[in-house]
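Read the structure below first, then the notes.
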Amino acid sequence: MRRLLPVLLTGCATAPQPVPQAEPPAEPLTVVATCPTALPETGGEPASVTGATIAMVCLVGATEDSYLRLHEVVAPQEGQRVDVAVVRDALGAMFALGNVKDVSVVAQPLGDGRVVLSYHVTEYGYVKKVSFEGTKAITPRELEEVAPSGRRASPLELARLQRAVSQAYVEQGFASAEVKVTGTDEVVVKVDEGPRTMVRSIRFDGAKRVQAAELLKALKTMVGLPFREDRLGEDAVQLSQVYYDRGMMNV
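Counted from 1, the sequence shown has number 202 at position 219 by the numbering used here; the numbering is strictly sequential.
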């Protein structure tokens, strides 16, 4: 049976050695906070900056027409502590504006517990041209008023453009019109108009105490105009109001 015995290492003392004097700590360097002009290169292990003081908030890459709106989103962080949740909320608010395609966030330490927090923005390009295909009942010039060029070619803007053209056809009685939008800087709007529905007549079944002519005055739907299903609910409210004004609350 073997036993493990502790081994004590001892040294022989000779002449006493002088104790080295500790050098005074170096004064921390104060780095002036400046905004980078481009996305800095990073390497090595990332250092945690959570809790550091934000000396400056920078917005890099934003164009002149959107800089102020974007800066209002990120500027309140200046002077605060770095908080991941706050940065995440700022990113969400920037994307919600509709013109931001991509954002990179970089925190550059200044060496004294402060950081420069910079948002490097890539924006969507502009819609340079909008052309229309398949339009017959509505002229391209009329559609250009609701779907103009010159705006950001973001998914939000392209979806808005599609809805605007669809609504223009609904207002002209083309309730089943199909609208497709393709392209970014040069957008093509393809329209399948489908059938058009016009109002041929209006009848009030069960109306006895109020004349039809008076009820017609309360409607936005009119004979000879395009039929719009989105107006039926409003028309029903207006008809009820006519009866309410005459004390007939149970109409």
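C-beta atoms are modelled at their ideal positions from N, C-alpha and C, and glycine is treated no differently.
Name the two residues that bound the continuous beta strand (DSSP E) containing Glu169.
The sequence position of residue 169 within the sequence shown is 186, counting from 1. Per DSSP, Glu169 belongs to the beta strand (DSSP E) from Glu169 to Asp175.
Any 3 or more C-beta pairs closer than 8 angstroms across the region 32 to 41 and the region 55 to 67
yes
Sheet register partners of Leu100 (DSSP bridge):
To locate residue 100, count along the sequence shown from 1; it is residue 117. Paired residues: Val40 and Ala90.
Measuring alpha carbon to alpha carbon, tell me which residue in Val182, Val234, Gln60 and Met77 is nearest Val206.
Along the sequence shown, read from residue 1 onward, the residue named residue 206 stands at position 223. Of the candidates Val182, Val234, Gln60 and Met77, the one whose C-alpha sits nearest the C-alpha of Val206 is Val182.
By the DSSP assignment, the beta strand (DSSP E) with Glu161 in it spans what residues?
Taking the sequence shown and counting its residues from 1, the one referred to as residue 161 is at position 178. Counting along the chain, the beta strand (DSSP E) containing Glu161 begins and ends at Glu161 to Thr165.
Simplified DSSP assignment, three categories, for Lys203
For the purposes of this step, residue 203 is taken as the residue at position 220 of the sequence shown. Residue state, collapsed to three classes: coil.
Compare the C-alpha of Val193 against each of Tyr227, Asp72, Ala76 and Asp218 and name the closest.
Here the question's residue 193 lines up with position 210 in the sequence shown. When each option's Cα is compared against that of Val193, the closest is Tyr227.
Are the Cβ atoms of Val172 and Phe115 separated by less than 7 angstroms?
For the purposes of this step, residue 172 is taken as residue 189 along the sequence shown, with counting starting at 1. For the purposes of this step, residue 115 is taken as residue 132 along the sequence shown, with counting starting at 1. Yes; because the gap between Cβ atoms is below 7 angstroms, this pair is in contact.
Nearest-angstrom Cα distance between Gly133 and Lys163?
Counting from 1 along the sequence shown, the entry for residue 133 is found at position 150. Counting from 1 along the sequence shown, the entry for residue 163 is found at position 180. Going by the C-alpha atoms only, they are around 19 angstroms apart.
Name the residue from Gly166, Glu169 and Gly81 whose alpha carbon lies nearest to the alpha carbon of Leu139.
Reading the sequence shown from its first residue, position 156 is the one you call residue 139. Ranking Gly166, Glu169 and Gly81 by Cα distance to Leu139 puts Gly81 first.
Residue from Ser49, Asp188, Arg179 and Thr33 with nearest C-alpha to Tyr109:
Taking the sequence shown and counting its residues from 1, one reaches residue 109 at position 126. That would be Ser49, whose Cα lies nearest to the Cα of Tyr109.
When Val220, Lys111 and Cys41 are compared against Glu169, the one with the closest alpha-carbon
Mapped onto the sequence shown, residue 169 falls at position 186. If we check each option's Cα against that of Glu169, Lys111 comes out closest.
Return the chain-ordered list of same chain residues with a C-beta closer than 6 angstroms to the C-beta of His103, the five sequence neighbours on each side being excluded.
Translated into positions along the sequence shown, residue 103 becomes position 120. The answer, listed in chain order, is Leu22, Val43, Gly44 and Ser87.
Buried or exposed (CB count within 10 angstroms, at least 16 for buried), Ile121
Taking the first residue of the sequence shown as 1, we reach residue 121 at position 138. With 16 or more Cβ atoms within 10 Å of its Cβ, Ile121 is classed as buried.
Suppose you measure from the CA of Leu202 to the CA of Gln60; what does that come to, to the nearest Å?
Position 219 of the sequence shown holds residue 202. Position 77 of the sequence shown holds residue 60. When rounded, the distance between both Cα atoms is 53 angstroms.
What number of angstroms, rounded off, separates the C-alpha of Glu125 from the C-alpha of Val234?
Start at 1 with the first residue of the sequence shown, and residue 125 comes out as number 142. Start at 1 with the first residue of the sequence shown, and residue 234 comes out as number 251. Answer to the nearest angstrom: the Cα atoms are 41 angstroms apart.
Contact belief for Ser137 with Cys41 at Cβ below 8 angstroms, rounded distance in angstroms
Taking the first residue of the sequence shown as 1, we reach residue 137 at position 154. Taking the first residue of the sequence shown as 1, we reach residue 41 at position 58. Taking the Cβ atoms as the reference, Ser137 lies roughly 23 angstroms from Cys41, outside the contact range of under 8 angstroms.
CB of Glu106 within 7 angstroms of CB of Lys84, strictly
Here residue 106 is taken as the residue at index 123 of the sequence shown, counted from 1. Here residue 84 is taken as the residue at index 101 of the sequence shown, counted from 1. Yes. Within cutoff.
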